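Count along the sequence shown starting at 1, add 4, and that's the number in the working numbering.
All residues carry an ideal CB built from backbone N, CA and C; glycine is no exception.
Model, not experiment: these values are computed from the prediction.
Following: one structure in structure tokens, then a few remarks.
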Amino acid sequence: MRILVVGSGGREHALCWALRSSPQCDALLCAPGNAGIAAIADCRAVAATDLDGILKLAKAERIDFVVVGPEAPLVLGLVDHLEAHGIKCFGPTKAAAELEGSKGFTKDLCAKYGVPTGTYLRTRDPIAAKAEIRRRGAPIVVKADGLAAGKGVVVAHELDEALEAVDAMMLDRRFGDAGVEIVIEEFLAGEEVSFFALVDGTTAVPLASAQDHKAVGDGDTGPNTGGMGAYSPAPALTPEVESQVMDRIIRPSLAGMAAEGKPFKGVLFAGLMLTDKGPQLIEYNVRFGDPECEVLLRRLKSDLLPALLAARDGTLDQVTLAWRAEAALGVVIAAEGYPGTPRKGTVIAGLDAAGGAAPSVEVFHAGTAAKNGAIVADGGRVLVVTALGASVGEAQSRAYQAVDAIRWPEGFCRRDIGWRAVARERHGG
Numbered sequence: 005m006r007i008l009v010v011g012s013g014g015r016e017h018a019l020c021w022a023l024r025s026s027p028q029c030d031a032l033l034c035a036p037g038n039a040g041i042a043a044i045a046d047c048r049a050v051a052a053t054d055l056d057g058i059l060k061l062a063k064a065e066r067i068d069f070v071v072v073g074p075e076a077p078l079v080l081g082l083v084d085h086l087e088a089h090g091i092k093c094f095g096p097t098k099a100a101a102e103l104e105g106s107k108g109f110t111k112d113l114c115a116k117y118g119v120p121t122g123t124y125l126r127t128r129d130p131i132a133a134k135a136e137i138r139r140r141g142a143p144i145v146v147k148a149d150g151l152a153a154g155k156g157v158v159v160a161h162e163l164d165e166a167l168e169a170v171d172a173m174m175l176d177r178r179f180g181d182a183g184v185e186i187v188i189e190e191f192l193a194g195e196e197v198s199f200f201a202l203v204d205g206t207t208a209v210p211l212a213s214a215q216d217h218k219a220v221g222d223g224d225t226g227p228n229t230g231g232m233g234a235y236s237p238a239p240a241l242t243p244e245v246e247s248q249v250m251d252r253i254i255r256p257s258l259a260g261m262a263a264e265g266k267p268f269k270g271v272l273f274a275g276l277m278l279t280d281k282g283p284q285l286i287e288y289n290v291r292f293g294d295p296e297c298e299v300l301l302r303r304l305k306s307d308l309l310p311a312l313l314a315a316r317d318g319t320l321d322q323v324t325l326a327w328r329a330e331a332a333l334g335v336v337i338a339a340e341g342y343p344g345t346p347r348k349g350t351v352i353a354g355l356d357a358a359g360g361a362a363p364s365v366e367v368f369h370a371g372t373a374a375k376n377g378a379i380v381a382d383g384g385r386v387l388v389v390t391a392l393g394a395s396v397g398e399a400q401s402r403a404y405q406a407v408d409a410i411r412w413p414e415g416f417c418r419r420d421i422g423w424r425a426v427a428r429e430r431h432g433g
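Right, dumping it as structure tokens:
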């Protein structure tokens, strides 16, 4: 098969890394890709959101199967556009992608079909939003309804912080049209985990568990980002909890989407809070998480391609996935200034040394470009350094050995990725 991966981040590098090893993969292209992806796939300078450009490329290259990585082209309807021209795609339709495209839509779906989640108010009125915040008090969560690159969520521990978030989203339009409507949401206390399932419209196959670290600083301090690191498995997501998630959250959501005439195919990513009332849904994403994808695919033993094809074709009931026993951990190295305005164009050295600094290391590029024979930073989150280990602690140690081999003064990372799991391992539970 001739395969095209759409996107340019660490998730897409990991997808290309996994797909190229499939016996069914004859040719692998990526649009637009990055400097790391270019080493394993034929990269083409077509933006992920250029629907006509992607279609033209797919036709010209006789592509058999398109794997869409990021959320923006899914929400725009890339899958519908390509499928209408006879090109098979992995990912949800535009209608189904509303699960990520509108946080308010998801909350309404949960309310209608009994999916456990925090109480909420969906509004376009800043006065009503502020009144709700004052009525509820802090802590409270303020979310831009639309896509905001993982940054449109403010977990406010003080009333003034929540009120300022309303102004930033609705009046200052910090996230553009994504903040025209917002969701004021109950603060859920507990441990946050990421849950992924491949879905073919009716059948859902759970993937390995993972946990990411959204805050920019050690100890989960500072503003939320798209994710500063991840590990798998997540000890908090026990088989019992996974069963609850499937029965109470995933399956009712899929049934609800089908009943609404928007059957979901692709990968459903549930951000969950494990509360004293059981798991509750924070929000849905409609694609592999980033950086969770990088650690999940490090642990996947099965061929990824047939599983993605089965999700598209409605045959997931015939698929069983096998996972490595080892843990995987990934550390994001971000550019100075992130999550604000990242500094671009700085030279990154030592990538080859990082790959050999410890066993089982793979470095995925998330925001890089090639310039004058060098690798330079070209985004906010720039690299994802991953490693396998017999435990999360061993994977953590190996990943940071590799991180320390990279020479990039303008980059920074958290030094505590995996801290919850490592603490559990040290204390025997």
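DSSP places Ile188 inside the beta strand (DSSP E), whose first and last residues are Ile186 to Glu190. With distances taken between CA atoms, Leu55 lies nearest to Lys98 out of Gly371, Ala45 and Lys98. In its chain, beyond the 5 residues on either side, Ala353 and Gly354 have a beta carbon closer than 6 Å to the beta carbon of Arg411. Tyr124 sits away from Lys134, with the two beta carbons spaced by 8 Å or more. Judged by beta-carbon spacing, Cys20 lies beyond the 8 Å limit of Leu309, meaning their Cβ atoms are not closer than that value. In this chain, Gly156 is not harboured by any beta strand (DSSP E), its DSSP state being neither H nor E. The Cβ-Cβ distance between Leu78 and Gly90 does not fall below 8 Å. Annotation for Ala358: Val365, Val367, Val389, Ala406, Val407, Ala409 and Ile410 place their beta carbon closer than 8 Å to its own, counting only its chain and skipping 5 residues before and after. Inter-residue distance for Ala274 and Val249 is about 9 Å (C-alpha atoms, whole angstroms).
Boundaries of the beta strand (DSSP E) harbouring Phe273: Lys269 to Thr279, taken from the DSSP string.
Along the length of the segment 22–59, whole beta strand (DSSP E) runs at least 3 residues long occupy 31–36, reported in chain order. Secondary structure of Thr372 (DSSP, three-state): strand.
With the rule of 3 Cβ pairs closer than 8 Å, the segment 181–189 counts as touching the segment 146–153. As summarised for the segment 110–157, the continuous alpha helix (DSSP H) elements at least 4 residues long and confined to that stretch are 130–140, given in chain order.
When only Cα atoms are considered, Arg255 and Gly383 end up about 36 Å apart. If you draw a straight line from the Cα of Gly344 to the Cα of Thr319, it is about 43 Å long. Distance from the Cα of Ala51 is smallest, within the candidate group Ala42, Ala45, Leu61 and Ala43, for Leu61. The bridge partners DSSP lists for Thr225 are Gly221. Comparing alpha-carbon positions, the option among Ala314, Ala212, Gly37 and Ala219 lying closest to Phe200 turns out to be Ala212. Look at the segment 376–420 and you find these whole runs of beta strand (DSSP E), each 3 residues long or longer: 378–381 and 385–393. Residue burial is scored here from C-beta neighbours: Lys116 has fewer than 16 other C-beta atoms within 10 angstroms and is therefore classed as exposed.
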